[in-house]
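First to last, the sequence lines map onto chains A and B.
Just so we're aligned, residue 1 is where the first sequence starts under the working numbering, counting upward by one.
Just so we're aligned, residue 1001 is where the second sequence starts under the working numbering, counting upward by one.
Taking it in order: structure first as structure tokens, then the write-up.
There are 2 protein chains.
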Amino acid sequence: MKKPILAAAAFSLLSSAAVQAPAQTGPAQAERLRDAALKDDVAFDIMEGLTTEIGPRLAGTEAEARARDWSVRKLKSLGFSNVHIETYDMPVWVRGEERAEIVAPFPQRLAVTALGNSGATPPEGISAQVIGFNSLAEFEAASDASVRGKIVFVTHAMTRTQDGSQYGYYGAVRRTGPSVASRKGAAAIVIRSIGTDMHRNPHTGVQMWAQGATPIPAGALSLPDAEQLQRMLKRGKPVTMRLTLTPRNIGVRQSGNVVAEVPGTDPSAGIILIGGHLDSWDLGTGAFDNAAGVAITAAAAKRIMDSGRPRRTIRVVWFGAEEVGGNGSDAYLAQHKNENIVFVSESDFGADRVWRMEPGLAPTNVAMVDRIAALLAPLGISRTSLPASAGADLGDWVRAGVAAFDLQQDGTRYFDYHHTPDDTLDKVDPEQLRQNVAAWTAMLSVVANAGEPIARTSSAAAR
Amino acid sequence: MKKPILAAAAFSLLSSAAVQAPAQTGPAQAERLRDAALKDDVAFDIMEGLTTEIGPRLAGTEAEARARDWSVRKLKSLGFSNVHIETYDMPVWVRGEERAEIVAPFPQRLAVTALGNSGATPPEGISAQVIGFNSLAEFEAASDASVRGKIVFVTHAMTRTQDGSQYGYYGAVRRTGPSVASRKGAAAIVIRSIGTDMHRNPHTGVQMWAQGATPIPAGALSLPDAEQLQRMLKRGKPVTMRLTLTPRNIGVRQSGNVVAEVPGTDPSAGIILIGGHLDSWDLGTGAFDNAAGVAITAAAAKRIMDSGRPRRTIRVVWFGAEEVGGNGSDAYLAQHKNENIVFVSESDFGADRVWRMEPGLAPTNVAMVDRIAALLAPLGISRTSLPASAGADLGDWVRAGVAAFDLQQDGTRYFDYHHTPDDTLDKVDPEQLRQNVAAWTAMLSVVANAGEPIARTSSAAAR
Chain A
1 MKKPILAAAA
11 FSLLSSAAVQ
21 APAQTGPAQA
31 ERLRDAALKD
41 DVAFDIMEGL
51 TTEIGPRLAG
61 TEAEARARDW
71 SVRKLKSLGF
81 SNVHIETYDM
91 PVWVRGEERA
101 EIVAPFPQRL
111 AVTALGNSGA
121 TPPEGISAQV
131 IGFNSLAEFE
141 AASDASVRGK
151 IVFVTHAMTR
161 TQDGSQYGYY
171 GAVRRTGPSV
181 ASRKGAAAIV
191 IRSIGTDMHR
201 NPHTGVQMWA
211 QGATPIPAGA
221 LSLPDAEQLQ
231 RMLKRGKPVT
241 MRLTLTPRNI
251 GVRQSGNVVA
261 EVPGTDPSAG
271 IILIGGHLDS
281 WDLGTGAFDN
291 AAGVAITAAA
301 AKRIMDSGRP
311 RRTIRVVWFG
321 AEEVGGNGSD
331 AYLAQHKNEN
341 IVFVSESDFG
351 ADRVWRMEPG
361 LAPTNVAMVD
371 RIAALLAPLG
381 ISRTSLPASA
391 GADLGDWVRA
401 GVAAFDLQQD
411 GTRYFDYHHT
421 PDDTLDKVDP
431 EQLRQNVAAW
441 TAMLSVVANA
451 GEPIARTSSA
461 AAR
Chain B
1001 MKKPILAAAA
1011 FSLLSSAAVQ
1021 APAQTGPAQA
1031 ERLRDAALKD
1041 DVAFDIMEGL
1051 TTEIGPRLAG
1061 TEAEARARDW
1071 SVRKLKSLGF
1081 SNVHIETYDM
1091 PVWVRGEERA
1101 EIVAPFPQRL
1111 AVTALGNSGA
1121 TPPEGISAQV
1131 IGFNSLAEFE
1141 AASDASVRGK
1151 IVFVTHAMTR
1161 TQDGSQYGYY
1171 GAVRRTGPSV
1181 ASRKGAAAIV
1191 IRSIGTDMHR
1201 NPHTGVQMWA
1211 QGATPIPAGA
1221 LSLPDAEQLQ
1231 RMLKRGKPVT
1241 MRLTLTPRNI
1251 GVRQSGNVVA
1261 EVPGTDPSAG
1271 IILIGGHLDS
1281 WDLGTGAFDN
1291 AAGVAITAAA
1301 AKRIMDSGRP
1311 RRTIRVVWFG
1321 AEEVGGNGSD
1331 AYLAQHKNEN
1341 IVFVSESDFG
1351 ADRVWRMEPG
1361 LAPTNVAMVD
1371 RIAALLAPLG
1381 ISRTSLPASA
1391 GADLGDWVRA
1401 GVAAFDLQQD
1411 GTRYFDYHHT
1421 PDDTLDKVDP
1431 EQLRQNVAAW
1441 TAMLSVVANA
1451 GEPIARTSSA
1461 AAR
């Protein structure tokens, strides 16, 4: 990747004389910052520290609190201003024992994990016949009588894509399957994990009980175990499972967001709000999801900071409680919605390279998009007309009409690790991580220093 | 692969008129059998059935007994003769709870599993400081005082190879590390799993306590967890682990070998003894290790059987208790050592393609090797002068001077799954499995029908 980047940099040095912006914040400066970021070690250092010294950090737990304290120390040591924690309270659900066992006709254990907010079985588990469905639609169409008292198994056909777009559709098996099962009177539900790997590490993830649905035990089997269960069911004999899941609701606890700033020179120009989420699921150490996002955004902001004070304040927020329902972003929005936040961008899709940009600026700001696109092209990033939507933590701002920009990461292997024990530091490719920092640095350099106003988007309501 | 095979088959049809062996057992027949085996479904069917309907089958347990009964039914249904079980008694060790947790300075769980014959901690575990070593040699050189009362962690640098040859050297960390730790007075030992993957599934495996060594808790961390622990230790603060492993010795139980035959026409020509092992570790469903081996050998023997009675009896043995110490092969050798077994071959290295042959025939039988090599070349199998050694179940016969032949399988990914929960059917590539059956069918066709005597090897003692 180095060669084309250097060539492009050389070319733009020749042509930069024609550009009007001040030299220290113009394209040549942005290119220098971008190319220097390809040697970044700050992002990896943050990831390594957070995943090693804290590890799993489930929202509302003591581990997430330790992560916040760690983050404050780290962000201060990196030189950020106004580093602080903003707390909020939230109900907390924690995992218990987890065990799935085929009792008959083919006795053996299956790898299972509870989905977020799963109900609990008694400590000795429940035993019931398994009824299988090939899709959520097939399950929804089944009569209540056919599933009553049974353990429902729902599989699906999620495939691997670069943009991760299958998650939206097949994620519904996890998000709504448990509530459907509860409404139909099932004893419990186990789904094929929402993932693309073939390892015996089930994928957890949140699900919210629909209005009126009584919590029942809800788990995910690893993909090999889901296929094993399908082979058993295909043989036509009744299959009995003993399922033990003993999660607990431990009441209201404290969570929080960690905030850090790069102060700008022009308070009237508005605030740039970026970040990822600090919490993680409890099974892995949350490297891809989402130590990467907090690391990338902070490393890029630090590069802008170290190159001289930008025009606009850059505020980095490491959100709490994204995984379990977005309590951190909700609290943040409620508290800060009246501030002059003019632009948001979020990193929450792993540590692999950025492959495409999805701009979310008003038509009057098209020149900014052009400048960003020119800086990103040498990094192998395609320009698209897909609109930015940010992610779970900053999407509400976009929907409210705030300008945004998505640097879409390659999701080819994201759902191999997502929400599993396998989301660990060893999966991170430092070179791809550096490319992320370079892309973010380039984008921030433009957005934080743009001389023109950053407008609200007119199409916000239509999205 | 099809094209070169068909071309080779056509060529040999033209040239087979010059060969003296009867047409039905000559090269053309062997080629036809070989090529037909490339469409084999029998091996996959055996693997699918055994891994699905039985799953994990630890030696001496009720699951292994169910596997024997399943095997008898399957081998009878395939048309084999003299299908029966030969039992023996053995001491049995079973896994209990397993949990490793860093207590300080970076509290979090690590993925651990007990090694075979591990001692037990109390139910609440033991807590001790961790002392880390970069190699078995470094650990062996350490003073007893430095490790006394501590939890020893030994890592290593095993790498991926096609022939799996790193297992011999680095496997010593598992095989002898625990005894060294016991002798030095360590409280327990955890090793970096002997494997090449990067998933949070630790690799179990047997280890035998050296004479006089008191059993202590002995576990393996998954590779990502081993690296996590290394990162913690590197920070220089004392690291405390709480380790809970509660395996038990449950006394003497029954195990057994399953035997099936293809009767030959000439009892004086000796018996061909082939097979793999039926038992598996308890974590996975034993697909690569070793449903593949029993499936490949039986499928090939069936193809010979279905093509007409061979000259020599082919005896297929699915051994019990290979994983935990070879009790099945020991019992078999003791009972059958005086029979006229003239040739042995074993399949116990997964389900991936055969890439090289290692002949173990006497110099007087070089023409047989030539015939086998000619049949295997179109399957992409190289001829080498490495001597056959069979494997854990038939190696003793080779060392005693019985002729043998190794069809070496590609081990590139073997140690990704070996002894882990991930050793499941989904890892099997049916095309590579078929190539195994084709190679075995070709070899068996030559060996079972060879008109010449199969000699004992002269170099046996030297090995």
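Cβ coordinates follow ideal geometry from the N, Cα and C atoms, glycine included.
**Asked** Between A:T176 and chain B, is there a C-beta pair that is closer than 8 Å?
**Response** Working through the first sequence from its first residue, we reach residue 176 of chain A at position 176. No, no contact with chain B.
**Asked** Thinking just about the alpha-carbon of each residue, which of A:S146, A:S347, A:K337 and A:V92 is nearest to the one in A:A187?
**Response** As a position in the first sequence, residue 187 of chain A is number 187, starting the count at 1. When only C-alpha atoms are compared, the closest one is A:S146.
**Message:** Please list the terminal residues of the continuous beta strand (DSSP E) segment that includes B:M1357.
**Reply:** Residue 1357 of chain B sits at position 357 when you count from the first residue of the second sequence. Its beta strand (DSSP E) spans residues V1354 to G1360.
**Item:** Proximal residues to B:I1372 (C-beta, below 8 Å), its chain only, five neighbours per side dropped
**Value:** Within the second sequence, numbered from 1, the residue matching residue 1372 of chain B stands at position 372. For B:I1372, where only same-chain residues beyond five positions count, the Cβ hits under 8 Å are M1357, P1359, F1405, A1442, M1443, V1446 and V1447.
**Message:** Buried or exposed, going by whether 16 or more other CB atoms sit within 10 Å of the CB of B:N1365?
**Reply:** For the purposes of this step, residue 1365 of chain B is identified with residue 365 of the second sequence, where counting begins at 1. The residue in question, B:N1365, is buried, as its Cβ has 16 or more Cβ neighbours within 10 Å.
**Request:** Give a yes or no on whether the minimum CB-CB distance between A:P56 and chain B is below 8 Å.
**Result:** Start at 1 with the first residue of the first sequence, and residue 56 of chain A comes out as number 56. A:P56 has a beta carbon lying within less than 8 Å of a beta carbon in chain B.
**Prompt:** Are there 16 or more other CB atoms within 10 angstroms of the CB of B:V1402, so buried, or fewer, so exposed?
**Reply:** For the purposes of this step, residue 1402 of chain B is identified with residue 402 of the second sequence, where counting begins at 1. That one is buried.
**Request:** Using the Cα positions of B:A1331 and B:K1337, report the straight-line distance between them to the nearest angstrom.
**Result:** Here the question's residue 1331 of chain B lines up with position 331 in the second sequence. Here the question's residue 1337 of chain B lines up with position 337 in the second sequence. For B:A1331 and B:K1337, the distance between alpha carbons rounds to 10 Å.
**Prompt:** Taking 8 Å as the CB-CB cut-off, is B:T1204 touching chain A?
**Reply:** Within the second sequence, residue 1204 of chain B is the residue found at index 204, counting from 1. B:T1204 does not count as touching chain A.
**Item:** DSSP beta-bridge partners of B:P965
**Value:** The requested residue 965 of chain B is not part of the displayed model; chain B covers only 1001 to 1463.
**Request:** Could you tell me whether the Cβ atoms of A:F288 and A:A351 are closer together than 8 Å?
**Result:** As a position in the first sequence, residue 288 of chain A is number 288, starting the count at 1. As a position in the first sequence, residue 351 of chain A is number 351, starting the count at 1. Going by C-beta atoms, A:F288 is nearer than 8 Å to A:A351.
**Message:** Quick check on the burial criterion: 16 or more other C-beta atoms within 10 angstroms. Buried or exposed for B:R980?
**Reply:** There is no way to answer for residue 980 of chain B, as the model of chain B reaches only from 1001 to 1463.
**Prompt:** Under 8 Å between C-beta atoms, does B:D1041 make it to chain A?
**Reply:** Locating residue 1041 of chain B in the second sequence gives position 41, where the first residue counts as 1. Not one chain A Cβ lies under 8 Å of B:D1041.
**Request:** Thinking B:T1061 and B:V1094 are a contact (beta carbons under 8 Å), I'd like their distance in whole angstroms, please.
**Result:** The count along the second sequence starts at 1 and reaches residue 1061 of chain B at position 61. The count along the second sequence starts at 1 and reaches residue 1094 of chain B at position 94. Right, the Cβ-Cβ distance comes to about 7 Å (below 8 Å), so this counts as a contact.
**Prompt:** Helix, strand or coil for A:R309 per DSSP?
**Reply:** Against the first sequence, residue 309 of chain A aligns to sequence position 309. If DSSP states are grouped into helix, strand and coil, A:R309 belongs with coil.
**Request:** Along the alpha helix (DSSP H) that carries A:T176, what are the first and last residues, could you check?
**Result:** The sequence position of residue 176 of chain A within the first sequence is 176, counting from 1. In this chain, the alpha helix (DSSP H) harbouring A:T176 covers Q166 to R183.
**Message:** Determine, for A:A111, whether the minimum Cβ-Cβ distance to residues of chain B falls below 8 Å.
**Reply:** Position 111 of the first sequence holds residue 111 of chain A. It does; some Cβ of chain B falls within 8 Å.
**For A:H203, three-class secondary structure by DSSP** = On the first sequence, residue 203 of chain A is found 203 positions in, with the first residue counted as 1. Coil, per DSSP.
**Request:** Taking B:T1052 as the query, report the chain A residues whose CB atoms sit under 7 Å from its CB, ordered along the chain.
**Result:** Within the second sequence, residue 1052 of chain B is the residue found at index 52, counting from 1. Per Cβ cutoff of 7 Å: F106, Q228, R231 and M232.
**Item:** Minimum C-alpha distance to B:A1137 - residue among B:S1077, B:S1127, B:H1156 and B:A1455
**Value:** What you label residue 1137 of chain B is simply residue 137 of the second sequence in a count that begins at 1. Relative to the Cα of B:A1137, the nearest Cα in the group B:S1077, B:S1127, B:H1156 and B:A1455 belongs to B:H1156.
**Message:** Could you give the first and the last residue of the continuous alpha helix (DSSP H) run that contains A:A403?
**Reply:** Mapped onto the first sequence, residue 403 of chain A falls at position 403. It is not in any alpha helix (DSSP H) - A:A403 instead sits in the beta strand (DSSP E) that spans A403 to Q409.
**Asked** A:D197: buried (16+ other C-beta within 10 angstroms of its C-beta) or exposed?
**Response** For the purposes of this step, residue 197 of chain A is identified with residue 197 of the first sequence, where counting begins at 1. Sixteen is the threshold: when 16 or more other Cβ atoms of the shown chains lie within 10 Å of the Cβ of A:D197, as they do, the residue is buried.
**Prompt:** Among the residues of its own chain, which have a CB less than 6 Å from the CB of B:A1043, if the five just before and after it don't count?
**Reply:** Position 43 of the second sequence holds residue 1043 of chain B. The answer, listed in chain order, is A1295, I1296, A1299, L1433 and V1437.
**Item:** CB contact flag (A:S255, A:M90, <8 Å)
**Value:** The count along the first sequence starts at 1 and reaches residue 255 of chain A at position 255. The count along the first sequence starts at 1 and reaches residue 90 of chain A at position 90. It is a contact, given that the beta carbons lie within the stated cut-off.
**Item:** Inter-residue CB distance, B:A1100 and B:L1243 (contact presumed, cutoff 8 Å)
**Value:** Counted from its first residue, the second sequence places residue 1100 of chain B at position 100. Counted from its first residue, the second sequence places residue 1243 of chain B at position 243. Going by Cβ atoms, the distance from B:A1100 to B:L1243 rounds to 5 Å, so yes, they are a contact pair.
**Item:** A:T214 burial status per 10 Å Cβ neighbour count (16 or more: buried)
**Value:** By 1-based counting over the first sequence, the position of residue 214 of chain A is 214. Label assigned to A:T214: exposed.
**Neighbourhood of B:P1238 by C-beta, 6 Å cutoff - its chain only, sequence neighbours within 5 removed** = If you number the second sequence from 1, residue 1238 of chain B lands on position 238. For B:P1238, same chain residues with a beta-carbon under 6 Å away, outside a window of 5 residues either side, are Q1129 in chain order.
**Message:** At the 8 Å Cβ level, is A:N201 part of the contact set with chain B, yes or no?
**Reply:** Locating residue 201 of chain A in the first sequence gives position 201, counting from the first residue. Interface annotation, A:N201: in contact with chain B, CB-CB separation under 8 Å.
**As assigned by DSSP and simplified to three states, the class of B:S1259** = Within the second sequence, residue 1259 of chain B is the residue found at index 259, counting from 1. The residue asked about is misnamed: residue 1259 of chain B is Val in this sequence, not Ser. B:V1259 falls in the strand class under three-state DSSP.
**Item:** Beta bridge counterpart(s) of B:I1274 as assigned by DSSP
**Value:** The count along the second sequence starts at 1 and reaches residue 1274 of chain B at position 274. Checking the DSSP bridge columns, you'll see B:I1274 partnered with B:V1316 and B:S1345.
**Asked** In whole angstroms, what is the alpha-carbon distance linking B:L1386 and B:E1346?
**Response** Numbered from 1 along the second sequence, position 386 holds the residue referred to as residue 1386 of chain B. Numbered from 1 along the second sequence, position 346 holds the residue referred to as residue 1346 of chain B. Each residue's Cα considered, the two are about 16 Å apart.
**Request:** Could you check if A:P22 is buried or exposed, using at least 16 other CB atoms within 10 Å of its CB as the buried criterion?
**Result:** Taking the first sequence and counting its residues from 1, the one referred to as residue 22 of chain A is at position 22. Note that A:P22 scores 42 on pLDDT, short of 50, meaning its location in the model is unreliable and no value can be drawn from it.
**Asked** Between the beta-carbon of A:P224 and the beta-carbon of A:R200, is there less than 8 Å?
**Response** In the first sequence, the residue the question calls residue 224 of chain A occupies position 224. In the first sequence, the residue the question calls residue 200 of chain A occupies position 200. Cβ atoms of A:P224 and A:R200: closer than 8 Å.
**Asked** With DSSP run on the structure shown, which of helix, strand or coil describes B:A1439?
**Response** Residue 1439 of chain B sits at position 439 when you count from the first residue of the second sequence. Helix at B:A1439.
**Prompt:** If you compare alpha carbons, which of B:N1257, B:T1285, B:D1426 and B:L1407 is closest to B:A1334?
**Reply:** Here residue 1334 of chain B refers to the residue found at position 334 when the second sequence is read from its first residue. For the residues B:N1257, B:T1285, B:D1426 and B:L1407, the minimum Cα distance to B:A1334 belongs to B:N1257.
**Request:** Output, in chain order, the set of chain B residues within a Cβ distance shorter than 8 Å of A:P224.
**Result:** The residue given as residue 224 of chain A occupies position 224 in the first sequence. In chain order: D1422, T1424, L1425 and D1426.
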